[in-house]
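Participant: So that we are looking at the same thing, I have put the structure below in C-alpha cells.
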Amino acid sequence: MTQLALVIDLNVCVGCHACVTSCKQWNTSGPAGYMSDDNPYDKDPTGTFFNRVQTFEVGNYPNTETVHFPKSCLHCEDPPCVPVCPTGASYKRESDGIVLVDYDKCIGCKYCSWACPYGMREIDEHQKVMKKCTLCVDRIYDTSLPEAERKPACVMACPTNARLFGDVHDPESEVSLAIRERGGYPLMPEWGTKPANHYLPRRKTRITIHEDELTRADNPLKKERKQAPHTIEGPTLDDSTMW
Amino acid sequence: MHPAFSVIFLTTLSGVGQGLFLALVTAQSYAAVGFIELENPSAFFGIGSLIALLFLAAGLFASFFHLGHPERAWRSIARWRTSWLSREVIVLPLFMGVVFIYGVLHYFGWDPNVLGVSNPLQGQLSLLVGLVGTVICFALFVCTAMIYACIKFLQEWHTPLTVANYILLGTASGFTLATAYAAIQAPHLTTLYAVWAVIITLSALVTRVWSLLRNRRIQYKSSLRTAVGISHSNIVQKSQGFMAGSFNTREFFHGAPRQVFLAIKWAFLVLVFPVPLLLLAAGMGSSAVAVLLAAFLVQYAGLIAERWFFFAQANHPQNLYYQTVG
Amino acid sequence: MANPIHDPVLKAADQGSRIETRNTTCYMCACRCGIRVTLRDGEVRYIQGNPDHPLNKGIICAKGSSGIMKQYSPARLTKPLRRKQGAERGTNEFEEISWDEAFAMLEERLAHIRATDPRKFALFTGRDQMQAMTGLFAKNYGTPNYAAHGGFCSVNMAAGMIYTIGGSFWEFGGPDLDRAKLFVMIGTAEDHHSNPLKMELSKFKRHGGKFISINPVRTGYSAIADEWIPIKPGTDGALFLALIHEIIKTGLYDRDFLIQYSNAAELVNLDTKSSEEGMFVRFEVPEEEGCFDPQNKLWWDRDLNKPISTHTPGADPYLLGEFTLEDGTPVKPAFQLLTERVEEYTPEWAENITGIPAATIRRLAHEMGITARDERIELPIAWTDVWGNEHDTVTGNPVAFHAMRGLAAHSNGFHSIRSLSILMSILGTIDRPGGFRHKAPFPRPIPPCAKTPTGPEGVQPNTPLAGMPLGWPADPDDLFVDEQGEPVRIDKAFSWEHPLAVHGLMHNVITNAWRGDPYKIDTLMIFMANMAWNSSMNTVDVRQMLNDKDENGEFKIPFLVVCDAFQSEMVAFADLVLPDTTYLERHDVMSMLDRPISEYDGPVDSVRVPVVPPKGECKPFQEVLIELGTRLKLPAFTHEDGSRKFRDYPDFVINYETAPGSGIGFLAGWRGKGGEKFMKGEPNPSQWEMYEKNNCVFHYELPRSYQYMRNWNEGYLRWAQNHSLTRYAEPINIHIYSEVLQKFRLAAQGRTPGGRVPPERLRKRVDTYFDPLPFYYEPLEAQYSDKHRYPLNALTQRPMAMYHSWDSQNAWLRQIHTYNYLYVNAQTAQAAGIADGGWMWAESQWGKVRCLCRYSQAVEPGTVWTWNAIGKAAGAWGLTPQANESQQGFLLNHLISEELPAHSAGEHISNSDPVTGQAGWYDVRVRIYPADAEEPEVSSPQFEPLQQVPGQSKRPSWLAWFAGGRKGHR
Ligand SMILES: Nc1nc2c(c(=O)[nH]1)N[C@H]1C(S)=C(S)[C@@H](COP(=O)(O)OP(=O)(O)OC[C@H]3O[C@@H](n4cnc5c(=O)[nH]c(N)nc54)[C@H](O)[C@@H]3O)O[C@H]1N2
Ligand SMILES: Nc1nc2c(c(=O)[nH]1)N[C@H]1C(S)=C(S)[C@@H](COP(=O)(O)OP(=O)(O)OC[C@H]3O[C@@H](n4cnc5c(=O)[nH]c(N)nc54)[C@H](O)[C@@H]3O)O[C@H]1N2
Ligand code: SF4
Ligand code: SF4
Ligand code: SF4
Ligand code: SF4
Ligand code: SF4
Ligand SMILES: [Mo]
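Chains as they are written, first to last, in the numbering used here: chain A, 2 to 244; chain B, 5 to 330; chain C, 102 to 1071.
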C-alpha cells in the first residue's frame, strides 16, 4: 500500500516561508476555490493557509539553536480526524494514504479540527468548510504537467530542498531512506496517530584538529628563516659501516 | 478550547430537556408502581413533554449556529459507525420524536394497555414509550458526552467523568426545572422532584468536583518536546508563523484573562450547586414557585458557566504550536 | 452530486479557460530569479521558479510566490499625480494629471536647469537594477548629482574587497559552496543572491561541510549553522586581524599563493624622509599607465639575496624580513609589514573587543588554516597564468567565506572588509575552487577604471558630464573637488570627507540639499527609494526637511519628483508622482553594464518581459527617461539633428551602443544581426524574442580553463579583453598592502609636493583612516558617544519573507510579518525590567521609539535587533491607519542619525565610513527601559495618518483571490 508523505529536513530549513506562500498561491486558485483572507489591508490580517513555518529557540545563550519548523497536515496513517467526521467529508484515500476533505460534503462543524492533535486543519471563514493540506493531489497526478513538476507546490518551491516527497511505505524511496538513515521521527508519537510525514533532525559537523597538524614540516615559516649551510665535523656512521 | 456559545447552549438546553423528560418518566413510573397518585396526569405530562421538547428544539436550533453549512446538516448522519457526533445527530431527533410521542400519548390520553398486564405494573403504552425514551435519553447523554470524552488528547475530557457529568448535570437541571414545573402544575409532586433534584445535584457536585480535582493533576502527555521532536529542557516558541491570529488561535484558546477564567469556575461552582440546593430546600416545603423557578434559572445560568469552563479548561495539544507571536 | 473535488484531478477550475505560461524574471527582490507565470484568462494564477533558469533552477521564495498579491494590491499607483496647490508635502493631497502634463512640467523645468546649472538637478535611485540607464541619463544631462542605493547599502563591501582583490561579495562574487569544506558566513541574514545561497547552503550541509556563522544574532541561515559564534557588533575587524595573527604565527598561510598572486612579497619603501614612503619600490616607470598595476615592483630573492623584479622565473622571494636597497633605502616586503601590524592583534586582545573567547579564535584560525592546507583540491584543469607559466591543475583551498552588511554597515566596515579579504587571501582562496569566486564582469583592475570628473569644470550647462557620475579614485587627483578641496557633489562623495565614496552617499542628499551644503538644488528626482521612511536615517527630521520652507515660504528643496509603483511614505512628499509599472508589466534588463546575474562559470544576463498589461496609466520609468532624454535632446537619446533616436525602451535596449559601433550594449546575448554573436556585436532586431525563447536569460559558460584564477588567468583575461569586458589583460594582483590608501595618507601628511591636500579639518581624519594596512578602530558613533549611557547596539535583519518596505501592501506576506518586536536577550531585558511581549522604549542619543519587546536567547546580550522596515507610517501602503504595521510596528531608523556628533572633522560629517561614505546603520547605540503602564499601547513615533491617493483601488474587507477561470464557481 502506498502512503505518500512529506519528510521535512530541519537540518537545512532556513525558515524562509516559501513553502507557505507557494502553497497559498497554488491552492487559492485550485479546484477547491479561493482560500480567503480577512482584513487583508486592515488591522489583524488573517487568512487560510495549509502550511505554516514556525520558529523555536532551543537552549540558553550562547548555546542556542534556532529551529525553523514547517508544519502542514501529516497525513496520519491512523488519522483521528477522520472517524470523528459525521459526514464522511474527511477521509483517507486507500490508494495513496492522502487525508482529504470533500468540501462538498463538509458541514463546517469543526469537529475534525478538534480531533487533530497537531492543529493542521483550518476552517475557511468564508467558504465555511474545513480545509487542510491536500498534498497537492491536484498536482501530483496531473498528467498535463511535466513529470518533474508532479510534486507538491511547496516541495518545488523550497530553496533548500528541505521538503522531500514520496512514498514512505516503499522502503526504496528517497523519503524512506532519509527516515531510516537520518533518524526521521514523527510528531507526538504518544497519540498513536502514526503521522506519515516525518521530520529529520539537526546534525552537526565538527572538525577535529590534531596537535601535529599545527607543527608540520612544510610550515612556510621555515622558508623565511635565513639558514646557514650545515656541515658536521666529527665522524659519523658513514665513515665506519657499509651495507 | 474556545467555548462556542452554540455548543454551550446545545448541550445545556438539551440537557434540561433530557432531564425534564427523565423527571416525567420518573413520576409516571412511581405512579405505575403506586408510590404516588397523579392528579390530571395528561396535562402534566403533555405540557411537561412540550417544555422538554422546546428545550431540545432550542438546543438543536443553537447547534445549527455551530455549522458552517447548516443546509447540509442532514449529511451528518452518515458516519454513525465511527462518529459520536454523527450518533448524536441521529439520536437527538430520535429522542425528540419519542418525547413528542410521549407527550401526545399523554395529552390525548391515548394510552392503551399494550402489555395486557394490570397492576401493580401497568402496561400503558405511554410508560413503555417513556422507558424506551429513557434509554434513548441516556444514549443521547452518552453520545453528547462522548463527542468530548472520546478525543483522547483532550485529556481534561477524556474520562468517564465527562459522561457522568453530562448525565448528572443535565438530569439535575431537568429535575430542578421539573420541581418548579410541578409547583405550578402539580404541587403534590414538588417534594418528590425537589428531593431528586437535590440528590442528583449533590451527585453532580461529587462527579464535577472530582473531575476538577482530576484535571488539576493531569500530566499532559504532549509537550513541546514531543510536539517538535527535540529533546531539550528549554524550548521556546518565537514565532507561530503568522501574527494576527488564525483559526488555530481562535478555535482552541478561550482567550479570557486568568481572573475571568477562575471567576467563571467559582461562579459555576456556586450557581450550579449550593445556590439551587438552598433554593430547592427553601422552596420545597412551601412549593414557592418563584423560589423554585429561581433555583432552576440560577442553576441553568450556572450550567452555562460550567459548560464555558468545561471548554475553556480543555487544553488542546495543538496549542503547543501556537504560543508566540513574533 | 459533484465528485469529491479533490479526488481525481479535476481541472474544473481550468475548464473552458485560456491558460498561458510565460517566462520572465522576478523582481520581488534583487535576487532576480527566473520565473514562469501561469495566467488563467489573463489573470496571474501561479508563479513558479523556472526550472530551466541557471540562477534558481526552479526554486522560488516566499516573496516570489506572493507576486499575485503585489500585482493586484490596492497600494498601487495608477495615475500621474500633482501635489494640490498649497497643500503641504507629506499629506497625500494630489490631483490626477495626464502624462502629457507631467512631461511638459518636467521638460520645462529640467531644460531650464540644464541650461543654467545642471548641478541643481539631482537624480537618486534606490534598490533598483537599472543604474546603467539612470546613470547614463544623469551623465548625458550633465549633473554630477546621481547615485543609486549603494552608498547606504553596502559600498564598504564593494570598495573594501574590490580595492583588495578586484572583486567582491554582494552581487559581484561569492563562496563556492559546491567545493568548499568549511564555510564561514559573517554578518549575513539574507543577501541578494538569496535563493541560490539557500540552495547551496543546503547542499553544502548535506555533503558534510562545516558551516560557521559569525553574527550577533542567530536567525535564518545562521539557524542551520553547525556553529554559531555570537560577536559584538562592529568588532569583526578585530576578529579577522586576530585570525590573521594566529594564521601567520602558526604558518598556516598559503605562501606560494601570496607570493605569486598578491603584493605580499613586494618591497615597500620605508624611507621616512622620502615622498615615496610607504610606496612600493619601482624599478622603472612604464610608458603607459592605465588602471592596472604595472609589473615594475621588486621582490627580495632568497637565493640571490638581492632585489629582483617580481615574477622573475625561478625567483623565490622572502615574505618576511627587512632589507636595504643599494641606495640605502630601507625596505620590507608588504607581508612583513602586515605581520608587524597584526603582532599586537592577539586572540586575547580580540577576545576583549569581540566577546569571543581567545581559545575559540585560535581554534577557528586552526580550522581555517588546516582545512585550507590539508583538504586541498586539485582539479585536472590546465591553465596558463599571465606570466606564461603553465599549470596542469587548478588548486583550491576549500575554505569559503561570505559576508554582507553585518560588516559593511559599520563605519569601520571598509577596514574590516579589507581584513577579511586579506584573511581570505592568505588562506589562498581567491577565485579558486572551494573559495571565493568572481562573477563576470569581475574581476576588475584595482581600482576599476571608471572615473568621475575631477573638478567643478567637469559640470557645464547643456553639456554631458565630463566623466562618470560615479567612479573609482586611484589617488587624490581623482577626487571630485574644487580648488579648496571641497565637494562638487551634493552628497559630498569623492570629496576628502569620503574619498572612496564609489557609490555616492544617498543618505545625506536630503539633509545636504535642505541645508544648502554645499549648495542648494532645485529638483530632486527619486526613483524606487523610500527616502521618507526606511532608507533615510533620522527619519523624523528628514520628513520635516522634505516639507521645510525658507523665509520666503518656498520649499527648501523646491521640486520633488517621485517615481514609485506603490503608495509609499515617499510618495506623500512628492510634487509630482510618476506611477511605475510592476515587474510583471514591463521590459527590463539585468545588464552586464550594471549588476548582471552572472554565475561563477561565466557571464549571465537576463531580461524581464511584460506578462500582463500595465495597470491604469502606469508607465515604466525607462520609458519616462527615454521620453525625457529625447525631449531634452540629450545626446544619448537623440540624433545630431535633435530628432528621436529610440521608439521606446525595448528599441533602446536593442540599438543603444556605449559608443557608436562599439557593439557593446545593454544585453550581451544574441548580438550581431542574426543573433550569432555574444558579449559584443551589432544590434540584433530580434534580440528580445531570442531572450524570450531562452527563458529570458543569456548564459555563456566559459571554457573550464578560464573559470578559475581569473585575476591572473591569461586565457580568461584575453577572452575578457577580446569581448571588451576589460581594456587590459594585465594581472590583477591582490593588494595585501594598499598603495592607493597610502597615496591619500601621504597627501594628508602634506608629503605630495604640488599634489592635492585635504582641507585642514580633515587632514587628521584622512591620515588616520587611509592606512595602507588594515587596522581596527571602534565605529565612529561609539567613539563620539557616551557608551555608558547607551550601552547596547541596535541592529536590523532582513526578513526572508519581506523586501525592505515594499511588501506590507502584500496581503499574504503581511500576515507573516504584520508588525515587529524588538528582540532583546532575555537577561538584558529582565535586568531592564522589561516584560516579554511588553511595551518598551529604545532610545539613542538621536531619538527614541516605543515598541514591543520579545525575549530571545539567540542574540548576543549587548545587542538588540528587529526586522527591517516592517513598521510603517499610518495609512501608507494601501493599509488602513489602524493596521498593525503602524500601530504596533516600528522603524529603527528613527534612532539612527545621518550625521555624527560634531567633532574636529566638522559639524556635519556624515555618519558613514570615513573611507567610503557607507552609511553606518548598525553603529547606533541605545538604552532600553520599560514603557509606563499608563502609556498608550501604540508604537511611537506616530505620524498624521495618510489618505489614499487618487487612482488607488478600493481596499476589499476580505479577499477571495481566484485567478480567472470560473470565478466564484463555488
Ligand atoms: N528578503 C529580503 N532579501 C533581501 C533584502 C530584503 O529586504 N529582504 N534586501 C536586499 C538588500 S538591499 C541587501 S543590501 C541585502 C542585505 O543582505 P544582508 O547583509 O544579509 O542583510 P542584513 O539584514 O542587513 O544582514 C545583516 C546581518 O548582519 C548582522 N550584523 C549586524 N552587525 C554585525 C556585526 O557587526 N558583525 C557581524 N558579524 N554581523 C553583524 C545582523 O545581525 C544581520 O544578521 O539583502 C538583500 N536581500
Ligand atoms: N534601519 C535600517 N535601514 C536600512 C537598512 C537596514 O538594514 N536597516 N538597509 C538599507 C539598505 S541596504 C537599502 S538597499 C535601503 C533600501 O531602501 P529603499 O531603496 O528605499 O528600498 P524600499 O524600501 O524597498 O523602497 C523602494 C521604493 O521602491 C518602490 N517600488 C517597488 N517596486 C517598484 C517598481 O517596480 N518601480 C518603482 N518605481 N518603484 C518600486 C517601493 O514602493 C518603495 O517605495 O534601505 C536601507 N535602510
Ligand atoms: S495531521 Fe491532523 S489533520 Fe492531518 S491526518 Fe493527522 S490528525 Fe488528520
Ligand atoms: S468540519 Fe467538515 S470535515 Fe470536519 S468533521 Fe465537520 S464535516 Fe467533517
Ligand atoms: S503539499 Fe500542497 S497543499 Fe500541502 S502544504 Fe505543500 S503545497 Fe500546501
Ligand atoms: S521553503 Fe523549505 S527552507 Fe523555506 S521554510 Fe519551507 S521548508 Fe523551510
Ligand atoms: S529571491 Fe527574489 S527574485 Fe528570487 S523569487 Fe524570491 S523575490 Fe523573486
Ligand atoms: Mo541594500
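Ideal Cβ positions, reconstructed from N, Cα and C, are used throughout, including at glycine.
CB residue 704/C to CB residue 755/C, shorter than 8 Å?
Facilitator: no
Participant: Residues of chain C with CB under 7 Å from residue 246/B, in chain order?
Facilitator: Correct list: 916 and 917.
Participant: Can you give the Cα-Cα distance for residue 677/C and residue 1052/C, rounded to whole angstroms?
Facilitator: Near 14 Å, if we compare the C-alpha coordinates of residue 1052/C and residue 677/C.
Participant: Residue 606/C to residue 618/C, Cα distance in whole Å?
Facilitator: Taking the straight line from one Cα to the other gives about 14 Å.
Participant: Contact check, residue 771/C vs residue 799/C under 8 Å by CB: the rounded distance?
Facilitator: 7 Å
Participant: Output needed for residue 908/C: all residues of its chain with C-beta closer than 6 Å, excluding positions within five of it in sequence on either side, in chain order.
Facilitator: 914
Participant: Could you tell me the alpha carbon to alpha carbon distance between residue 853/C and residue 252/C, rounded to whole angstroms?
Facilitator: 29 Å
Participant: Is the separation between the beta-carbon of residue 811/C and that of residue 544/C shorter than 8 Å?
Facilitator: yes
Participant: For the 8 Å Cβ check, are there 3 or more pairs between the segment 1000-1015 of chain C and the segment 72-79 of chain A?
Facilitator: no
Participant: Examine ligand 3 and report whether any of its heavy atoms sits within less than 7 Å of the Cβ of residue 17/A.
Facilitator: Every heavy atom of ligand 3 is 7 Å or more from the Cβ of residue 17/A, so no.
Participant: Can you find a heavy atom of ligand 7 that lies under 7 Å from the Cβ of residue 164/C?
Facilitator: yes
Participant: Going by DSSP, name the residue or residues bridged to residue 951/C.
Facilitator: Residue 951/C pairs with 942/C and 1041/C.
Participant: Give the residues of chain B in contact with residue 177/A, contact being defined as C-beta atoms less than 9 Å apart.
Facilitator: What residue 177/A touches in chain B: nothing, since even the nearest Cβ is about 18 Å away.
Participant: Does the separation of the CB atoms of residue 1026/C and residue 893/C fall below 8 Å?
Facilitator: yes
Participant: Regarding residue 20/A and ligand 7, is the C-beta to nearest heavy atom distance less than 7 Å?
Facilitator: no
Participant: Pull the bridge partners of residue 63/C from the DSSP assignment, please.
Facilitator: Coverage of chain C is limited to positions 102 through 1071, which leaves residue 63/C absent and any answer about it impossible.
Participant: At 7 Å on the CB atoms, spell out the chain C contacts of residue 330/B, in chain order.
Facilitator: Listed by position along chain C, the residues whose Cβ is nearer than 7 Å to that of residue 330/B are 922 and 955.
Participant: Grouping DSSP H, G and I as helix and E and B as strand, with all else coil, what is residue 113/A?
Facilitator: helix
Participant: Relative to chain B, which residues along the segment 983-1014 of chain C have a C-beta separation below 8 Å, given in chain order?
Facilitator: 985
Participant: Strictly below 7 Å CB to CB, what residues from chain A border residue 331/C?
Facilitator: 63
Participant: Report the rounded CA-to-CA distance for residue 420/C versus residue 249/C, giving the unit in angstroms.
Facilitator: 41 Å
Participant: Looking at C-alpha atoms only, which residue of 194/A, 14/A, 28/A and 137/A is the closest neighbour of residue 94/C?
Facilitator: Residue 94/C falls outside the range modelled here, since chain C spans only 102 to 1071, and no answer is possible.
Participant: Can you pull the chain C residues whose beta carbon is under 7 Å from the beta carbon of residue 35/A, in chain order?
Facilitator: 1061, 1062 and 1063
Participant: Relative to ligand 1, is the shortest distance from any of its heavy atoms to the C-beta of residue 905/C smaller than 7 Å?
Facilitator: Taken from the Cβ of residue 905/C, at least one heavy atom of ligand 1 lies inside 7 Å.
Participant: Check whether the segment 291-306 of chain C and the segment 511-530 of chain C touch, using three or more Cβ-Cβ pairs below 8 Å as the test.
Facilitator: no
Participant: For chain C, check one thing: does any of its Cβ atoms lie closer than 8 Å to the Cβ of residue 26/A?
Facilitator: yes
Participant: Please confirm whether residue 52/A has its beta-carbon closer than 8 Å to some beta-carbon of chain C.
Facilitator: no
Participant: Going along the chain, which residues of the segment 236-270 of chain B sit with their C-beta nearer than 8 Å to a C-beta in chain A?
Facilitator: Of all residues in the segment 236-270 of chain B, the ones placed with a Cβ closer than 8 Å to any Cβ belonging to chain A are 236, 238, 239, 240, 241, 242, 243, 244, 245, 246, 248, 249, 250, 251, 252, 255 and 256, in chain order.
Participant: Does DSSP put residue 570/C in a helix, a strand or coil?
Facilitator: coil
Participant: So the beta strand (DSSP E) residue 401/C belongs to, where does it begin and stop?
Facilitator: Counting along the chain, the unbroken beta strand (DSSP E) around residue 401/C starts and ends at 399-402.
Participant: Name the chain A residues that come within less than 9 Å of residue 245/C, Cβ to Cβ?
Facilitator: Those within 9 Å of residue 245/C in chain A number zero; the least Cβ separation is about 41 Å.
Participant: Does residue 179/B pass the burial test, meaning 16 or more other C-beta atoms within 10 Å, or should it be called exposed?
Facilitator: Result: buried.
Participant: Quick one: is residue 69/B buried, meaning 16 or more other Cβ sit within 10 Å of its Cβ, or exposed?
Facilitator: exposed
Participant: Could you give the residue range of the beta strand (DSSP E) that holds residue 1066/C?
Facilitator: Where residue 1066/C is concerned, there is no enclosing beta strand (DSSP E), given that its DSSP letter is neither H nor E.
Participant: Cutting at 6 Å between CB atoms, please list the residues of its own chain near residue 685/C, excluding the five before and the five after it.
Facilitator: 172, 712 and 713
Participant: Looking at chain C, is there any beta carbon in it that lies within less than 8 Å of the beta carbon of residue 242/A?
Facilitator: Closer than 8 Å: no.
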